[in-house]
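Okay, so here's the structure we're looking at.
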């Protein structure tokens with residue numbers, strides 16, 4: 125859904141399902157696309173572990189790339205969640 129909204133606003137966007145391409149495949153696509161920003165969109169209840177893992181892999185390979193992590197419907201402590209993701 126996020127990628128559809130971005131495309132409607134004139135941005136190039138690619139969406140990957142949570143099951144499907146391996147993290148290495150996703151990293152290859154990011155490298156080939158020469159993206160400025162990557163959005164990781166995750167749904168609770170099991171959103172944080174996979175989102176953190178993907179965020180870490182992206183930051184390790186592309187340290188200057190901006191990464192936005194979206195956890196939809198999250199009702200917990202936002203600052204604590206941000207701290208957990210930023211530590212990756």
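In the numbering used here, the protein residues as written are 125 to 212. Just so it is clear, CB atoms sit at the ideal spot from N, CA and C, and this is done for glycine as well. The structure presented is a predicted model; accordingly, all values stated were derived computationally and were not measured.
Residue 164 has 193 as its beta-bridge partners, per DSSP.
Annotation for residue 136: no alpha helix (DSSP H) segment contains it, and DSSP assigns it neither H nor E. Per the C-alpha coordinates, the member of 184, 197 and 176 positioned closest to residue 206 is 176. For residue 158, the secondary structure class from DSSP, reduced to helix, strand or coil, is coil. Looking only at 136, 125, 163 and 199, the smallest Cα-Cα distance to residue 169 is reached by 199.
Take residue 171, set aside five residues on each side of it, and the residues of its chain with a beta-carbon closer than 7 angstroms to its own are 195, in chain order.
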